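Single-structure report; data block below.
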Amino acid sequence: MMNLFQSNLYAANSVLRVINAVVKQCRANSVWATKRKPKTSADVALDYFDNIYSPIFGKQWPSIRLALLSPHKYCAVVNNYGDNDSLCTQLQNEGAINMRELFESYQNVLSKKKRSSKKKKELKHVYALDKKLEKIVAKQRDEELGKIYPEGAERLQPDYSSDKSSDINKGNLETEELIKQAKSPLEKSLSDANIDTNRQIDPAEGLSSSKLNEFVPVSKLIGKENFVSEAEHFSFFNEAEDFPVTVEPEESLHFPAHLQVYTFDQGNISTFTPSKSGTSGVLGYYLMDAGSVLPVLALGLRPGDTVLDMCAAPGGKSLLCLQTLYPDLVVCNDVSKSRLNRLSYIMQQYVTDWEQKVIITQEHGAGILGTDKYSKILVDVPCTTDRLSVMESDNNIFKPSRNKERILLPQLQVELLFQALKLVKKGGAVVYSTCSLNPAQNDGVVQMALRKVWEETSMKIVVKDLSPALEPVKVVFKFAEPRCLKYGSLIVPYLPSNFGPMYFCKLEKEE
């Protein structure tokens with residue numbers, strides 16, 4: 003019995019030793035795994051965005067976050083220096099839609115709705131004035147009658163209840179019928195009339211000289227910063243002193259006739275095949291984020307323009323400018339030599355005799371000398387590149403070694419935008435853009451640059467409100483809610499139409 007007990011005890015101890023060894027090994031493996039897989043820069047970026055963007059975008063943030071982490075959607079910009087006719091047919095056969103044709107169709111629909119709504123408002127205003135005139139006439143008649151009749155005297159009213167007045171009643175009925183017949187064509191003519199409501203004066207307000215000489219400004223002046231962010235991180239927006247900012251609406255975007263951009267409609271996750279060289283020796287189309295098309299459209303390019311792409315590499319937006327066939331010259335500048343080499347390679351692949359149309363310069367954008375040199379300037383500044391930051395860790399701007407660079411980004415962006423405003427000609431336009439959702443790099447930079455202009459120069463800069471002009475493009479893009487923005491527009495990632503993020507703001511220098 004004793005030997006059996008000792009044997010069982012030995013076996014139990016052996017099992018315990020094995021279990022302890024396994025537990026120790028698991029613990030060791032867990033510690034080793036933790037050390038082997040530290041949090042990546044992409045993880046740090048995503049945590050940062052969760053902390054900053056969640057209170058800004060609210061319920062919209064989970065959808066944006068999911069789209070940021072999902073495959074990107076592209077558009078194909080057909081190369082006008084290649085076999086573009088056959089390529090357009092090929093892309094249409096693959097199910098892609100022409101963005102220009104789509105925008106123009108929706109623009110026509112919206113224009114008809116606006117005209118109809120405007121006509122209804124004008125007629126409503128006319129009818130309201132008619133009623134006021136009737137009241138004024140009735141009041142004037144009563145006052146005149148009051149002068150004729152003594153105070154307290156009984157005013158005789160015609161009695162139509164008597165049989166003797168049947169002829170009078172009959173006459174009144176005939177008169178009312180004539181009035182109805184006359185009134186019908188009058189209302190119809192008013193409906194068809196093109197009424198200039200600006201020339202109508204409300205009779206109830208009188209014709210005082212102060213009213214007639216009152217000045218009505220054509221633009222909206224915004225003095226006090228009214229941007230109230232939900233994130234404490236951006237509370238410095240409210241600390242700036244008052245300064246005037248002129249904001250004017252931009253009613254429409256001009257989509258150049260030669261610019262052929264194709265994409266798949268919302269919900270369609272089809273992808274484009276890689277482009278091939280045609281008979282002309284250049285590639286057929288260039289793939290890019292369709293959100294990058296809007297900053298170029300916002301420039302409002304016209305034939306003969308001289309364009310500066312201040313931070314041009316890798317060259318997609320510069321190539322887009324060339325595809326409009328409008329600019330006489332595009333100056334592509336960047337501070338990085340390696341990135342400019344990439345830009346030169348792209349130009350060689352897509353544009354024949356590109357050296358005659360493009361000048362490449364390497365210098366810091368804020369150090370470009372001169373004033374009033376370019377008719378249009380694109381300032382696509384270095385930023386946190388939110389989509390890339392959550393997808394790739396290599397050379398990520400959220401790496402500890404790049405923290406200082408990331409923190410100082412808004413300061414650099416303000417310097418670049420300020421210099422662009424000095425370089426643009428009077429009457430010209432500057433479009434500032436980023437691929438970030440961060441308000442500090444978007445509206446915050448625009449605000450600080452405008453303050454710098456107001457404090458240090460005599461330039462007059464107008465912010466163009468693109469909201470009315472962007473109505474037709476909402477069929478393709480998802481935009482941030484207006485409460486999240488102050489000056490510019492922001493395309494947010496959205497799974498059915500996964501473009502962006504892309505912020506852009508248009509500014510014009512007054513003549």
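So the sequence shown is numbered by this note's numbering: it starts at 3 and just counts up by one.
C-beta: ideal position from N, C-alpha, C; glycine also.
As the structure is a computational prediction, the values presented were derived from the model and not from experiment.
In this structure, DSSP gives Tyr76 a state outside helix and strand, which the three-state scheme calls coil.
If you draw a 10 Å sphere on the C-beta of Asn343, you find fewer than 16 other C-beta atoms in it, and that means exposed.
Leaving aside the five residues that flank Asn500 on each side, the residues in its chain whose CB is nearer than 8 Å to its CB run, in chain order, Ala69, Ser72, Pro73, His74 and Lys75. The beta carbon of Tyr108 is closer than 7 Å to those of Pro474 and Val477 in its chain, skipping five residues each way along the sequence.
Beta-carbon to beta-carbon, Tyr287 and Val464 are separated by about 36 Å, too far to satisfy the 8 Å threshold. Only residues of its own chain outside the window of five on either side were considered, and among them Leu301, Leu303, Asp307, Val309, Gly430 and Ala431 have a CB closer than 7 Å to the CB of Lys378, listed in chain order. If you check the CB distance, Ala44 and Met290 do not come in under 8 Å. In this structure, Glu512 sits near Lys462, with a CB-CB distance shorter than 8 Å.
The beta-carbon distance between Leu321 and His260, rounded to whole angstroms, is 13 Å. This is too long to meet the 8 Å contact definition. Only residues of its own chain outside the window of five on either side were considered, and among them Pro470 and Ala471 have a CB closer than 8 Å to the CB of Glu253, listed in chain order. Across the structure, Ile493 and Lys454 are spaced so that their CA atoms are roughly 27 Å apart. Excluding five sequence positions before and after Ile99, the CB atoms of its chain that fall closer than 8 Å to its own CB belong to Tyr264, Thr265, Phe266 and Asp267, given in chain order. Each residue's CA atom was taken as its position, placing Pro251 and Gly490 some 12 Å apart. Across the structure, Val416 and Ile409 are spaced so that their CA atoms are roughly 13 Å apart.
Under the three-state reduction of DSSP output, Val494 falls in the coil class, being neither helix nor strand.
Taking every protein chain shown into account, the CB of Thr459 has fewer than 16 other CB atoms within 10 angstroms, so this residue is exposed. Taking a cut-off of 8 Å for Cβ pairs, the stretch 356-372 and the stretch 331-340 touch, as three or more such pairs fall below it. For Pro246, the secondary structure class from DSSP, reduced to helix, strand or coil, is coil. Close CB contacts of Thr354 within its chain, under the 7 Å cut and outside five residues either way in sequence, are with Tyr83, Ser282 and Val284 (chain order). With 16 or more other Cβ atoms from the protein chains shown falling within 10 Å of its own Cβ, Lys488 counts as buried.
Here Thr436 has Val383, Cys385, Gln443, Asn444 and Tyr505 as same chain residues with Cβ atoms under 7 Å from its own Cβ, once five neighbours each way along the sequence are excluded.
For Gly369, the closest C-alpha among the options Ile58, Gln421 and Asn270 is that of Gln421. In the three-state reduction of the DSSP assignment, Ser279 falls in the strand class, which pools E and B. Non-local beta-carbon contacts of Gln350 in its own chain, meaning distances under 8 Å to residues more than five positions away in sequence, involve Trp356 in chain order. Taking the Cα of Asp85 as reference, the smallest distance to any Cα among Gln413, Ile399, Arg404 and Tyr352 is reached at Tyr352. Per DSSP, Thr91 lies in no beta strand (DSSP E) segment; the continuous alpha helix (DSSP H) that holds it begins and ends at Asn86 to Asn95. Around the beta carbon of Val447, 16 or more other beta carbons sit within 10 angstroms, so the residue counts as buried. Measuring C-alpha to C-alpha distances from Gln92 to each of Asp49, Lys278 and Leu112 identifies Lys278 as the nearest. Leu331 has Thr308 as its beta-bridge partners, per DSSP. In this structure, Asp396 is the residue among Gln413, Ile66 and Asp396 with its C-alpha nearest to the C-alpha of Thr42.
Under the DSSP assignment, Asp445 falls in the alpha helix (DSSP H) whose first and last residues are Asp445 to Glu458.
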